[in-house]
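Take a look at the structure set out below.
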Amino acid sequence: MAAIAQVEPLTSTRALSGPFDYAIPEDLRASVRVGSLLRVPFGRQELLGVVVGLSDRSELDSERLRAPRAAVGAGVPADLVELADWIARAYCSTRARALTLVLPPGAGGGVGEQRRLVATLTAAGEGAIAGAQRVTPKQRELLERLARAGASSASALAVDHAALRRLEARGLIELVARAQRRAPEHTVVGVRGGTPELNPEQIAAVDALLEAMQTGGSRLLFGVTGSGKTEVYLQAAADALQRGRGVIVLVPEIGLTPQTVTRFVDRFGDTVALLHSGLSAGERHDEWLRLRRGEARICVGPRSAVFAPITDLGLIVIDEEHDASYKHEGDPRYDARAVAAHRAQQASALLLAGSATPRPESYARMPRLRLALRADRSALPAVEILDMRDARGVLHERTADALGELRRAHGKGIVLLNRRGWSNFLSCRHCGKVWGCPECDVALVLHQAQRTISCHHCGHREEVPARCDACGSASVARHGLGTERLEHELTAALGDEAFPVFRLDADVAVLKGRAAQVLARFDDAPAGLLIGTQMVAKGHDFAGISLGVVLDADATLRFPDFRSEERTFALIAQLAGRTGRGRTPGRVLVQTLTPDARAIVYAAVHDSEGFLVGELERRAALGYPPSGELIRVVCSSEVEGLALRMAHELRTRLAIPQAQVLGPAPLFRLRGRERAQLLVKAGERDAAVAAVGLAVGARLHRDVAVSVDVDPQ
Ligand SMILES: [Zn+2]
Ligand SMILES: [Zn+2]
2 MAAIAQVEPL TSTRALSGPF DYAIPEDLRA SVRVGSLLRV PFGRQELLGV
52 VVGLSDRSEL DSERLRAPRA AVGAGVPADL VELADWIARA YCSTRARALT
102 LVLPPGAGGG VGEQRRLVAT LTAAGEGAIA GAQRVTPKQR ELLERLARAG
152 ASSASALAVD HAALRRLEAR GLIELVARAQ RRAPEHTVVG VRGGTPELNP
202 EQIAAVDALL EAMQTGGSRL LFGVTGSGKT EVYLQAAADA LQRGRGVIVL
252 VPEIGLTPQT VTRFVDRFGD TVALLHSGLS AGERHDEWLR LRRGEARICV
302 GPRSAVFAPI TDLGLIVIDE EHDASYKHEG DPRYDARAVA AHRAQQASAL
352 LLAGSATPRP ESYARMPRLR LALRADRSAL PAVEILDMRD ARGVLHERTA
402 DALGELRRAH GKGIVLLNRR GWSNFLSCRH CGKVWGCPEC DVALVLHQAQ
452 RTISCHHCGH REEVPARCDA CGSASVARHG LGTERLEHEL TAALGDEAFP
502 VFRLDADVAV LKGRAAQVLA RFDDAPAGLL IGTQMVAKGH DFAGISLGVV
552 LDADATLRFP DFRSEERTFA LIAQLAGRTG RGRTPGRVLV QTLTPDARAI
602 VYAAVHDSEG FLVGELERRA ALGYPPSGEL IRVVCSSEVE GLALRMAHEL
652 RTRLAIPQAQ VLGPAPLFRL RGRERAQLLV KAGERDAAVA AVGLAVGARL
702 HRDVAVSVDV DPQ
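In my numbering, the protein residues as written are 2 to 714.
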């Protein structure tokens, strides 16, 4: 048994990176392994650390070696320690930060198992019932109930702990603390029922997957919306379980994809564990522990579920693989899709990514399984592009007509506008002042219900101004249109009891469970309108949607980003996919100022393949992924001019073979910090990441923070 534990202390300070050697005391030697969590003395403090290696000897003198204070919980599986190591390297982060991703929820924070006292009758207790000992009538009644019910908790017996303790002291009962699971609830949405019959395309896909699962690798399930991808996931998962292997199912955002969760729980029951941020700390801890102990073998959750402690992993599913939420925006800036690919490889598991609008890189790199037909054999809806260059109002007259018709026919529709709030910005009609964020160089957005104007980047908010503080004019203009105002206007024009108007955007979804509630109410309503941001085009399926409308389809196209076309295409295609299922024929209207844009034209004819082929050509010409690798380095500082100066300095240090460094380019000020970015375009990822890591690892300036984003979104 190893005498030395190599421990990585969990601290965010880059300078304190380990691992450091600790002498394992005799009594801990049998239990300490790679992945164990230890409390270790570190300088004058005590830190939580993860054992990343074991050894028989240390290079340090034995008298200088310190011993860990205690072991904490069951620790994490060794392969997750290895995974964290890979993440730290692949995303230019530290091992300590990467390890915090794989820890049990609440580790070190005092979240433990919830225990309750359970009483059982002893032989002496049975004697007391028979009259061998004197007890009060109340105690006798309690003992009798215990004899009938078997082991029971205080709450089940409806007595307090003190009463039980008195009986325990006399040896009449035994009290044992038992762990009690805190089980999460989820909103049930969508049709429930048994296993549906598969169509020939689905059968072929399932067969191919079962075969692929023998050897691992990856597959892209490229299926039009409504083609029954979830059923294919479910059958592949059932097969993995049958072979004794575990399953991870990643979904974009759990609040927006309650149907996928419902279907997995329905099919597999208690062997499904849910891991997501909507759970309480206790629930998360207990679900994690059920997976760690092997009591649950399927984990469903958003990107962080890729770290679920499942042994003998056989399958990782990434549903709606094009979704931007798979990218984590904190350090380490990992992409759950890349982590899943690495983890699947590590475990010889199968990676199964599914989407109707896959990313160009997945389309190019993964063997494809095609589902070209909708499971219910309905046709994809007709899409009409409406040129808004000559239109005057917010709605094209054909859109207004279609909405009126929908109301008269008691139908259901979805209207997508990718901008929340009431108005985009306020300006003074007299002097032209625009209300901006004091911390960021962006305009403040009006939120009427909260009576505030707020910054969508840092959260700064202030009261709605009654007059201009620069010139005193009371004439303040409101520009643009967001979902809040759209809801207000459409409710006024169309809404009533028989035709309710719902809204779903980030302002609604901040309340826990609200997004799922809105989706469930819209699902239940026989007629009505759902208005919202891109959230309304995510993973849920509703029956009976006959109209889909996209307002300002160019909003995402205007984004200065090489992925803006891919996003715009996905948004329109996904909304179209929610329209016209079952017996309801569908129709989609797309309002745009750029009716000739490639993303819009291809989406209108439902040609994913055509769009992807063109997009891959464009990216190859520009050296963008998957034809090249991108690494973004951002310098930021509160000191004026420093971020840009240091970005220039950093650029001189970046000598990367076969790579091009673009910039520095100034970015808009965010949270009171000026920013400047360098963009590295490289042919080979690992060498470029290592070179960037080296350059940013050396000290730059004490007032400058540097962040690295490999494969930025
Ligand atoms: Zn003014
Ligand atoms: Zn701000």
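Heads up, the beta-carbon is just placed ideally off N, CA and C, and yes, glycines get one too. A quick note: this is a predicted structure, and the numbers were derived from the prediction, not measured.
Cβ-Cβ separation between Ser424 and His480: approximately 6 Å, consistent with a contact (criterion under 8 Å). Nearest C-alpha to His323 among Arg568, Val160 and Val384: Arg568. With a cutoff of 7 Å on beta-carbon distance, Lys434 and Cys456 are scored as not near each other.
Scanning Arg452, Ser13 and Glu362 for the CA closest to the CA of Gln714 turns up Glu362. Taking a 10 Å sphere around the C-beta of Thr593, we find 16 or more other C-beta atoms and assign the residue as buried. Around the CB of Arg588, 16 or more other CB atoms lie within 10 Å, so the residue is classed as buried. Looking at the backbone, the Cα of Arg334 and that of Val705 are separated by about 19 Å. Contact check for Glu440 against Arg672 passes: the beta carbons are separated by less than 7 Å. Annotation for Pro627: Pro361, Glu362, Ala365, Arg366, Leu617 and Arg620 place their beta carbon closer than 8 Å to its own, counting only its chain and skipping 5 residues before and after. Per DSSP, the beta-bridge partners of Val711 are Ile632. Setting aside the 5 residues that flank it on each side, Arg146 is surrounded in the same chain by Leu158, each with a C-beta closer than 7 Å to its C-beta; the list follows chain order. In this structure, Leu590 lies near Glu385, with their beta-carbon atoms less than 7 Å apart. Distance from the CA atom of Leu374 to the CA atom of Gln203, rounded to whole angstroms, is 10 Å. If you measure from each CB to the nearest heavy atom of ligand 2, the residues under 5 Å come out as Cys438, Glu440, Cys441, Cys456, His458, Cys459 and His461. The set of residues with CB atoms less than 6 Å from any heavy atom of ligand 1 reads, in chain order, Cys429, His431, Cys432, Lys434, Cys469, Ala471, Cys472 and Ser474. Spanning the alpha carbons of Gly132 and Leu144 requires a straight line of approximately 12 Å. Rounded to whole angstroms, the Cβ separation of Pro303 and Val252 is 6 Å, and the two are in contact under 8 Å.
For Tyr234, the enclosing alpha helix (DSSP H) begins and ends at Lys230 to Gln243.
Relative to the Cα of Val443, the nearest Cα in the group His461, Cys432 and Ile657 belongs to His461. In this structure, Ser156 sits away from Val119, with a CB-CB distance that is not shorter than 7 Å.
Between Leu290 and the set Leu352, Val77 and Val136, the nearest pair of CA atoms involves Val77.
Beta bridge pairing from DSSP links Asp704 with no other residue. Cβ-Cβ distances below 8 Å link His411 to Ala499, Phe500, Pro527 and Ala528 in the same chain, with the five nearest sequence neighbours on each side left out; the list follows chain order.
Pairing Arg338 with Leu353, the inter-Cα distance amounts to about 10 Å. Listed in chain order, the alpha helix (DSSP H) elements of length 4 or more contained wholly in the segment 464 to 504 are 484 to 495. Within the same chain, Cys469, Cys472, Ser474 and Ser476 come within 7 Å of His431 by CB-CB distance, once the 5 residues on both sides are set aside.
The residues Ile25, Arg30, Val33, Leu55, Ser56 and Asp57, in chain order, have a CB closer than 8 Å to that of Ala3 in the same chain once the five nearest residues on each side in sequence are set aside.
With respect to the 7 Å criterion, Asp506 and Thr492 are not classified as neighbours on the basis of their beta carbons.
In the DSSP assignment, Arg371 falls outside any alpha helix (DSSP H) and lies within the beta strand (DSSP E) extending over Arg369 to Leu372.
Nearest to Ala666 by alpha-carbon distance, out of Arg584, Leu102, Arg452 and Val681, is Val681. Annotated three-state conformation of Ala124 is helix, per DSSP. When secondary structure is reduced to three states using DSSP, Val443 falls in the coil class, being assigned neither helix nor strand. It is roughly 33 Å from the alpha-carbon of Arg264 to the alpha-carbon of Gly36. Taking Gly405 as the centre and dropping the five residues before and after it, the same chain places the C-beta of Leu495 closer than 8 Å to its C-beta, in chain order. Between Gly224 and Leu372, the gap from beta carbon to beta carbon is short of 7 Å. Scanning its chain for C-beta atoms nearer than 6 Å, with the 5 sequence neighbours on each side dropped, one finds around Leu613 the residues Pro361 and Tyr364, in chain order.
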